[in-house]
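Residue numbers (this note's numbering): 431 to 722.
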């Protein structure tokens with residue numbers, strides 16, 4: 431039934447490829463752990479599985495995702511008439527502490543951009559970093575961009591994000607120039623006579639990088655720039671985009687739309703950054719705070 435569930439999530443719910451892969455991994459791992467078909471799992475089976483996850487040192491976030499996968503799968507089995515109960519409902523979701531996103535400073539981003547060389551590889555890297563920072567894209571969204579994603583006379587991107595939800599994100603003149611420079615050398619990255627719809631293609635005409643491979647390439651570039659690779663995460667530029675916009679006066683709702691967050695509460699984590707800065711501003715600048 432796992433395959434039927436995955437087909438339903440992809441076809442009916444419009445779940446992304448990454449989401450489908452996560453569901454498949456989670457459910458098949460449980461299936462292997464309990465040594466019986468997952469459809470027959472008991473509350474005890476699932477509790478033992480989660481305890482095993484804890485022993486293996488899996489993070490609370492990973493465990494919460496797996497419990498969520500199980501709950502959704504058993505809801506599907508109930509709808510299909512395979513089960514009458516949802517044993518995963520009795521499993522408590524691990525508490526996840528909301529941590530502030532990793533953020534690159536404006537000087538660090540400037541450093542990363544200025545140290546891209548003038549060869550085709552460097553021109554491409556600069557265009558990719560510019561678009562990440564100028565548009566707040568997820569890395570998966572950047573890598574899956576098509577030539578047709580560039581709209582409004584090369585001043586905006588049409589993005590298909592999580593759950594196949596569309597949004598349009600404008601980007602500034604500096605990023606526009608970096609993109610124009612890249613488009614002049616784009617053919618260097620494709621085989622002669624071969625066409626690819628991807629904005630950043632490989633020699634085979636497919637995606638240039640997987641998400642993990644691109645993250646490694648960014649970390650390698652960071653080292654060249656004298657920046658700790660630990661600061662370069664999959665979402666570092668996206669977090670920096672949101673944080674820097676808010677610091678410069680953008681409202682939370684606008685940032686939510688640009689990021690493609692369905693729920694405003696997802697965007698609200700960035701208000702923690704602003705709260706700290708507001709406190710500092712009050713302590714430093716309020717007249718009553720300056721008394722001896």
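Note that the Cβ used here is the ideal one computed from N, Cα and C, for glycine as well.
Enumerate in chain order the residues of its own chain whose CB-to-CB distance from residue i is below 7 Å, with the five nearest sequence positions on each side excluded.
{"i": "residue 647", "result": "639"}
{"i": "residue 517", "result": "471, 472, 473, 476, 504"}
{"i": "residue 620", "result": "626, 631, 633, 635"}
{"i": "residue 708", "result": "Low local confidence applies: a pLDDT of 44 at residue 708 is under 50, so the model's placement there is unreliable, and no value is given."}
{"i": "residue 576", "result": "627, 628, 629"}
Exposed or buried, residue i, counting other C-beta atoms within 10 Å across all chains shown (16 or more means buried)?
{"i": "residue 668", "result": "buried"}
{"i": "residue 568", "result": "buried"}
{"i": "residue 480", "result": "buried"}
{"i": "residue 560", "result": "buried"}
{"i": "residue 672", "result": "buried"}
{"i": "residue 451", "result": "exposed"}
{"i": "residue 690", "result": "buried"}
{"i": "residue 447", "result": "exposed"}
{"i": "residue 434", "result": "exposed"}
{"i": "residue 553", "result": "buried"}
Under 8 Å Cβ to Cβ from residue i, same chain only, skipping five residues before and after it: list those, please.
{"i": "residue 717", "result": "Low per-residue confidence applies at residue 717: pLDDT is 48, beneath 50, and the placement is therefore not dependable enough to give any value."}
{"i": "residue 653", "result": "659"}
{"i": "residue 584", "result": "606, 609, 610"}
{"i": "residue 467", "result": "461"}
{"i": "residue 562", "result": "569, 572, 667, 668, 671"}
{"i": "residue 436", "result": "450, 453, 454"}
{"i": "residue 665", "result": "531, 532, 568, 569"}
State the start and end residues of the unbroken alpha helix (DSSP H) segment that holds residue i.
{"i": "residue 669", "result": "666–677"}
{"i": "residue 506", "result": "490–509"}
{"i": "residue 652", "result": "641–654"}
{"i": "residue 439", "result": "432–441"}
{"i": "residue 561", "result": "550–565"}
{"i": "residue 614", "result": "603–615"}
Over the uninterrupted beta strand (DSSP E) stretch that includes residue i, give me the two end residues.
{"i": "residue 590", "result": "586–590"}
{"i": "residue 600", "result": "596–600"}
Return the chain-ordered list of same chain residues with a C-beta closer than 6 Å to the C-beta of residue i, the five sequence neighbours on each side being excluded.
{"i": "residue 795", "result": "In the structure as shown, the chain begins at 431 and stops at 722. Residue 795 is therefore absent and cannot be evaluated."}
{"i": "residue 588", "result": "579, 581, 598"}
{"i": "residue 663", "result": "532"}
{"i": "residue 641", "result": "569, 570"}
{"i": "residue 498", "result": "none"}
Please state whether the Cβ-Cβ distance between residue i and residue j is less than 7 Å.
{"i": "residue 494", "j": "residue 457", "result": "no"}
{"i": "residue 550", "j": "residue 644", "result": "no"}
Any beta-carbon of chain B closer than 7 Å to the one on residue i?
{"i": "residue 542", "result": "As a matter of chain content, chain B is missing from the structure shown, which is built from one protein chain."}
Exercise for the section: Would you list, in sequence order, the uninterrupted alpha helix (DSSP H) runs of no fewer than 4 residues that lie entirely inside the segment 444–472? Expected result: The segment 444–472 contains these whole alpha helix (DSSP H) runs: 447–464.
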